[in-house]
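Counting along the sequence shown from 1, when you hit position 24 you're at 56 in this note's numbering, and nothing is skipped either side.
Every residue gets a Cβ at the ideal spot worked out from N, C-alpha and C, and that includes glycine.
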Amino acid sequence: HIASAVGTPIVALFGPSNPAEWGPRGETTQVIYKELDCRVCFHPTCQRGEQNCMKLISVDEVETASKRLIACVNHGTP
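#1: Can you tell me the Cβ-Cβ gap for Ser-36 and Pro-51, rounded? I've got them flagged as a contact below 8 Å.
#2: Thinking just about the alpha-carbon of each residue, which of Glu-82, Thr-61, Ile-34, Ser-49 is nearest to the one in Val-94?
#3: Please determine if the region 97 to 106 and the region 73 to 86 are in contact, where contact requires at least 3 C-beta pairs separated by less than 8 Å.
#4: Determine, using beta carbons only, whether Val-72 and Ala-44 come nearer to each other than 8 Å.
#5: What does Ile-34 pair with, by DSSP beta-bridge criteria?
Structural data, given as structure tokens:
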């Protein structure tokens with residue numbers, strides 16, 4: 033949140049919390065979040081024992097978001 037407030041580019045991964053409520057804001061922010069039926073449970077440990085809200089975020093998704101963010105920062109386009 034501090035990074036976002038001072039304009040630092042962010043790729044934020046969200047699991048059991050809601051990025052619409054708790055996520056960083058700004059043009060230099062990329063949020064990755066899975067819309068699962070158990071989302072926004074806020075439990076410190078997965079009640080299902082799966083942690084799919086985090087496990088289903090792929091390296092490719094993070095890489096794509098990172099590249100999109102770098103392009104935005106370097107060229108001023110979202």
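The structure says:
#1: Wrong, their Cβ atoms sit about 12 Å apart, outside the cutoff.
#2: The shortest Cα separation from Val-94 among Glu-82, Thr-61, Ile-34, Ser-49 belongs to Thr-61.
#3: Contact between the region 97 to 106 and the region 73 to 86 is absent, because fewer than three Cβ pairs lie under 8 Å.
#4: For Val-72 and Ala-44, no; Cβs fall outside 8 Å.
#5: Looking at the DSSP assignment, Ile-34 forms no beta bridge with any residue, so it has no partner.
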